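The next block holds one structure in the form of structure tokens; read it before the comments.
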Amino acid sequence: MKLKYNTVEELVEAASSSHKKISEIVLEQQAGDMESTIEEVYATMESSFDVMRQSVISGLDETLRSPSGLSGGSAAKLKKAVDEGKNHYGHLLGNAISMALAVTEFNSCMGKIVAAPTAGSCGVIPAALISVMDEYDLPKRDIVMSLFTASAIGMVIAKCASIAGAEGGCQAEVGSASAMAAAALTEIFDGTPQMVSDSCAIALKNTMGLVCDPVAGLVEVPCIKRNAMGVANAFTASELACAGIKSVIPADEVILAMRQVGQLMSTSLKETAEGGLAATPTGCRLCRQIFGPEACSGE
Amino acid sequence: MNVFDIVGPVMIGPSSSHTAGAARIGKTAALLLGEPVAKADILFHGSFAKTYKGHGTDKAIVGGILKYDPWDPGIRTSLETAQIQGICVNIHTGTIENAHPNTALVTLTGSGGATISVQGASIGGGNIIITKINDMEVYFTGQNTTLIVMHQDVPGIIAQVTNLVAAGNANICNFRLNRQEKGGIAIMTIEMDSDVDPSLVSEIRLLPHVYNTILLKLG
């Protein structure tokens with residue numbers, strides 16, 4: 045069965061009927077589509093994963109500061125609390141959140157990252173996968189393979205809705221990243237293809253309506269902390285799905301609803317820095333501080 | 047679309063549209079120039095004009111002009127590198143009629159005196175569309191292996207070029223021809239499904255009425 049990436053249901057059916065994981069089918073078919081071998085396509089994904097791992101390490105530098113001065117150093121702060129056992133919600137969650145901050149702060153500082161699916165949402169997937177890999181000492185191959193499942197979900201969302209904040213708001217960026225991460229985690233923990241689909245649906249439902257309102261138009265405030273939320277949301281969704289809890293609304297309907305919500309959303313809330321947090325008094329003040337007195341379009 | 051359009055590109059932050067896409071527009075212009083860059087004139091339009099400093103769009107596009115890919119850390123210090131290499135860089139902001147919000151117009155002068163102007167839009171996720179070359183409308187993304195052939199508009203030239211492509215065993219997935227006027231200068235953009243032997247470029251360059259040919263594959 046040739047995957048078209050038009051629905052999540054298609055992925056579930058293809059995997060269930062062939063008794064394979066979604067990632068295995070996606071890798072096989074992508075190699076064919078790219079006129080490449082399975083080993084070569086896997087190796088490219090593995091090298092992207094290695095960049096993700098390095099961006100976590102680099103982003104934990106406490107001296108990092110972005111050119112605007114708006115961000116840097118918070119990942120290191122949380123990591124310190126986790127290492128000293130002073131955080132309150134467990135080692136895995138604390139670590140995961142600090143990794144999400146690390147990657148997105150490193151991105152703000154012109155660091156090398158993997159857009160997943162975008163640069164603004166680049167922290168969610170690495171944080172979810174690497175924190176779990178480290179916590180449970182999982183084999184790298186399982187983690188890299190899960191990125192094919194995450195990508196397949198991302199392709200369906202990109203085709204049927206959007207992964208761009210300018211088109212669909214933050215629900216399309218951090219929301220999509222969170223749904224992709226949830227799907228990957230569910231496969232890593234041996235969830236069935238249907239559970240993968242349910243975790244994607246749940247994650248996307250929880251972020252529905254989230255607007256894209258970056259202060260001064262920069263990928264910093266609130267993007268960095270929203271990435272931290274994205275990984276926590278991915279854990280929640282995967283935890284629910286792996287326990288056999290279904291999404292009442294199927295993933296494909298959730299994706300179409302997300303598209304519709306994106307269309308209904310005012311353009312002032314879609315990466316124009318004219319509404320939401322960008323238009324708050326503090327947001328406008330920071331914008332003028334960075335780009336000059338005429339710069340703020342939010343007021 | 048493939049998996050690496052979703053988990054990818056690997057890039058220098060902070061914004062796939064304002065950084066990675068800008069680097070790709072710059073690199074495309076440098077490749078089209080075909081000789082070392084001596085002078086670069088960059089016009090930012092729309093959101094690029096408003097926020098280029100905060101996003102490092104200037105560093106990214108100059109990095110591209112230095113032929114860096116979007117993931118090259120050299121992007122961070124590209125303005126200094128350009129200065130060291132003696133490249134004169136001018137950055138302006140302004141309005142380009144009917145252009146996408148993230149548009150840049152890059153005009154390059156080479157050390158041998160060649161010039162080229164390339165207008166490109168960064169449409170999200172690091173993807174770009176080149177919309178004009180030397181004020182002539184074109185349309186290509188660089189996602190596929192793309193041949194760009196600048197030539198005189200004469201009968202039979204398309205057949206001669208595509209015969210060479212066929213002999214190189216490449217399947218054309220998109221073909222477009224734009225010309226200023228009948229018999230004038232024209233640009234063929236030929237997108238292909240797979241990589242081709244770079245020798246194809248030199249073979250096409252040898253054809254009569256062909257001014258320049260480049261093979262473009264943006265990482």
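Chains as they are written, first to last, in the numbering used here: chain A, 45 to 343; chain B, 47 to 265. Each residue gets a CB set at the ideal place from its N, CA and C atoms; glycine is no exception. Just so you know, these numbers come straight off a predicted model, no measurement behind them.
Mind checking which residues open and close the beta strand (DSSP E) that includes I293(A)?
-> Residue 293(A) sits at position 249 when you count from the first residue of the first sequence. Looking at the DSSP string, I293(A) is not in any beta strand (DSSP E), and its letter there is neither H nor E.
Through-space distance from T324(A) to I201(A), alpha-carbon basis | Reading the first sequence from its first residue, position 157 is the one you call residue 201(A). Reading the first sequence from its first residue, position 280 is the one you call residue 324(A). Taking the straight line from one Cα to the other gives about 31 Å.
Under 8 Å Cβ-Cβ, which residues of chain B neighbour L191(A)?
-> Here residue 191(A) refers to the residue found at position 147 of the first sequence. The contacting residues are V49, V53.
Taking E79(A) as the query, report the chain B residues whose CB atoms sit under 8 Å from its CB, ordered along the chain.
-> By 1-based counting over the first sequence, the position of residue 79(A) is 35. Against chain B, the beta carbon of E79(A) has neighbours under 8 Å at D239, S240, listed in chain order.
Could you tell me which uninterrupted alpha helix (DSSP H) segments, each at least 4 residues in length, are contained entirely in the stretch 83–110 of chain B, listed from first to last along the chain?
-> Here the runs fully enclosed are 93–101.
Whole-angstrom distance between V298(A) and V292(A), CA atom to CA atom = On the first sequence, residue 292(A) is found 248 positions in, with the first residue counted as 1. On the first sequence, residue 298(A) is found 254 positions in, with the first residue counted as 1. Distance between the alpha carbons of V292(A) and V298(A): 10 Å.
Expressed to the nearest angstrom, what Euclidean distance is found between the alpha-carbon atoms of I111(B) and T192(B)?
-> Here residue 111(B) is taken as the residue at index 65 of the second sequence, counted from 1. Here residue 192(B) is taken as the residue at index 146 of the second sequence, counted from 1. Each residue's Cα considered, the two are about 18 Å apart.
Would you call Q304(A) buried or exposed, if buried means 16 or more other Cβ atoms sit within 10 Å of its Cβ?
-> Residue numbering aside, residue 304(A) sits at position 260 when the first sequence is read from its first letter. With fewer than 16 Cβ atoms within 10 Å of its Cβ, Q304(A) is classed as exposed.
Using the C-alpha atoms, what's the distance from A225(A) back to H101(B)?
-> Numbered from 1 along the second sequence, position 55 holds the residue referred to as residue 101(B). Numbered from 1 along the first sequence, position 181 holds the residue referred to as residue 225(A). Cα to Cα, the separation comes out at about 26 Å.
Quick one: what does DSSP say I133(B) is sitting in, helix, strand or coil?
-> Residue numbering aside, residue 133(B) sits at position 87 when the second sequence is read from its first letter. Of the three classes helix, strand and coil, the one that applies to I133(B) here is coil, per DSSP.
Alpha-carbon to alpha-carbon, I231(B) and L252(B) = If you number the second sequence from 1, residue 252(B) lands on position 206. If you number the second sequence from 1, residue 231(B) lands on position 185. Rounded to the nearest angstrom, the gap between the Cα atoms of L252(B) and I231(B) is 17 Å.
Chain B contacts made by the stretch 145–159 of chain A, where a contact means CB separation under 9 Å = Within the stretch 145–159 of chain A, T148, F150, N151, S152, C153, M154, G155, K156, I157, V158, A159 place their CB atoms closer than 9 Å to a CB of chain B, listed in sequence order.
Residue range of the alpha helix (DSSP H) that R329(A) falls in?
-> Against the first sequence, residue 329(A) aligns to sequence position 285. Counting along the chain, the alpha helix (DSSP H) containing R329(A) begins and ends at 325–335.
Any residues in the stretch 82–103 of chain B with a beta carbon nearer than 8 Å to a beta carbon of chain A? Which ones, in chain order?
-> Hits within the stretch, in order: S93, K96, T97, K99, G100, H101, G102.
A205(A) to Q215(A) span [Cα, whole Å] | Within the first sequence, residue 205(A) is the residue found at index 161, counting from 1. Within the first sequence, residue 215(A) is the residue found at index 171, counting from 1. Cα-Cα distance, rounded: 10 Å.
Skipping 5 residues on each side, what residues in its chain have a beta carbon closer than 7 Å to that of E343(A)?
-> Here residue 343(A) corresponds to residue number 299 of the first sequence, with the count starting at 1. Residue placement at E343(A) cannot be trusted, given a pLDDT of 45 that sits under 50; what the coordinates show is reported in the next sentence. Around E343(A): A323, C328.
Please determine if the stretch 117–135 of chain A and the stretch 239–253 of chain A are in contact, where contact requires at least 3 C-beta pairs separated by less than 8 Å.
-> Taking a cut-off of 8 Å on C-beta distances, the stretch 117–135 of chain A does not touch the stretch 239–253 of chain A, as fewer than three cross pairs fall below it.
State the start and end residues of the unbroken alpha helix (DSSP H) segment that holds V53(B).
-> As a first step, residue 53(B) is located in the second sequence; it is residue number 7 there, counting from the start. That residue, V53(B), is in no alpha helix (DSSP H); it is neither H nor E in DSSP.
Are the C-beta atoms of V56(B) and some chain A residue less than 8 Å apart?
-> Against the second sequence, residue 56(B) aligns to sequence position 10. Yes, contact with chain A.
Is F221(B) helix, strand or coil by DSSP?
-> Here residue 221(B) refers to the residue found at position 175 when the second sequence is read from its first residue. In the structure shown, F221(B) sits in a strand (DSSP, three-state: E or B).
May I ask you to list the residues that DSSP assigns as paired with N250(A)?
-> Counted from its first residue, the first sequence places residue 250(A) at position 206. Bridge partners of N250(A) according to DSSP: none are assigned.
Rounded Cβ spacing between A163(A) and L229(A) (contact assumed at less than 8 Å) | Taking the first residue of the first sequence as position 1, residue 163(A) is located at position 119. Taking the first residue of the first sequence as position 1, residue 229(A) is located at position 185. With a beta-carbon spacing of about 22 Å, A163(A) and L229(A) fall beyond the 8 Å limit used to define contacts.
Looking at chain A, which residues of the stretch 117–134 of chain B have a Cβ within less than 9 Å of any of its Cβ atoms?
-> Residues are counted here when their Cβ sits less than 9 Å from a Cβ of chain A; for the stretch 117–134 of chain B these are W117, D118, P119, I121, R122, given in chain order.
Counting along the chain, where does the beta strand (DSSP E) carrying G319(A) start and finish?
-> Within the first sequence, numbered from 1, the residue matching residue 319(A) stands at position 275. G319(A): not part of any beta strand (DSSP E); DSSP gives it neither H nor E.
Looking at the unbroken beta strand (DSSP E) that takes in I236(B), where does it start and where does it end?
-> Here residue 236(B) refers to the residue found at position 190 of the second sequence. Counting along the chain, the unbroken beta strand (DSSP E) around I236(B) starts and ends at 231–238.
Could you work out which residue in Q238(A), R97(A), K269(A), K203(A) is closest to V56(B) when comparing CA atoms only?
-> Numbered from 1 along the second sequence, position 10 holds the residue referred to as residue 56(B). For the set Q238(A), R97(A), K269(A), K203(A), the Cα lying nearest the Cα of V56(B) is the one of R97(A).
Evaluate contact between the stretch 138–147 of chain A and the stretch 156–174 of chain A, counting only Cβ atoms and requiring at least three cross-stretch pairs below 8 Å.
-> The stretch 138–147 of chain A, when compared against the stretch 156–174 of chain A, does touch it at the 8 Å Cβ threshold.
Comparing alpha-carbon positions, which option in Q226(B), A76(B), I176(B), M234(B) lies nearest D133(B)?
-> Your numbering for residue 133(B) matches position 87 in the second sequence. The sequence as given places Ile at residue 133(B); Asp does not occur at that position. That would be A76(B), whose Cα lies nearest to the Cα of I133(B).
Going straight from the alpha carbon of N50(A) to that of V100(A), what length do you get?
-> As a position in the first sequence, residue 50(A) is number 6, starting the count at 1. As a position in the first sequence, residue 100(A) is number 56, starting the count at 1. For N50(A) and V100(A), the distance between alpha carbons rounds to 32 Å.
Is the shortest distance between the beta-carbon of S168(B) and the beta-carbons of chain A less than 8 Å?
-> Residue numbering aside, residue 168(B) sits at position 122 when the second sequence is read from its first letter. So, not an interface residue.
Does the beta carbon of S61(B) sit closer than 8 Å to a beta carbon anywhere in chain A?
-> Counting from 1 along the second sequence, the entry for residue 61(B) is found at position 15. For S61(B), the nearest CB of chain A lies under 8 Å from its own CB, placing it at the interface with that chain.
Quick one: residues in its chain with C-beta nearer than 8 Å to the C-beta of A84(B), no 5 flanking neighbours on either side, listed in chain order?
-> Mapped onto the second sequence, residue 84(B) falls at position 38. Excluding residues within five positions, the ones whose Cβ falls inside 8 Å are G132, I133, C134, T155, G156, S157.
Residues of its chain near T161(B), where Cβ-Cβ distance is below 6 Å and the 5 sequence neighbours each way are ignored | Along the second sequence, one-based indexing puts residue 161(B) at 115. Here the set comprises T155.
Residue from K96(B), K99(B), A69(B) with nearest C-alpha to Y114(B) = As a first step, residue 114(B) must be located in the second sequence, where it is residue number 68. Residue nearest to Y114(B) within the set K96(B), K99(B), A69(B) is A69(B) (criterion: CA-CA distance).
Give a yes or no on contact between the stretch 191–207 of chain B and the stretch 85–101 of chain B, applying the rule of three or more CB pairs nearer than 8 Å.
-> Not touching, per the Cβ criterion.
Nearest neighbour of I236(B), chosen from S245(B), P254(B), A216(B) [CA to CA] | Reading the second sequence from its first residue, position 190 is the one you call residue 236(B). Answer by Cα proximity: A216(B).
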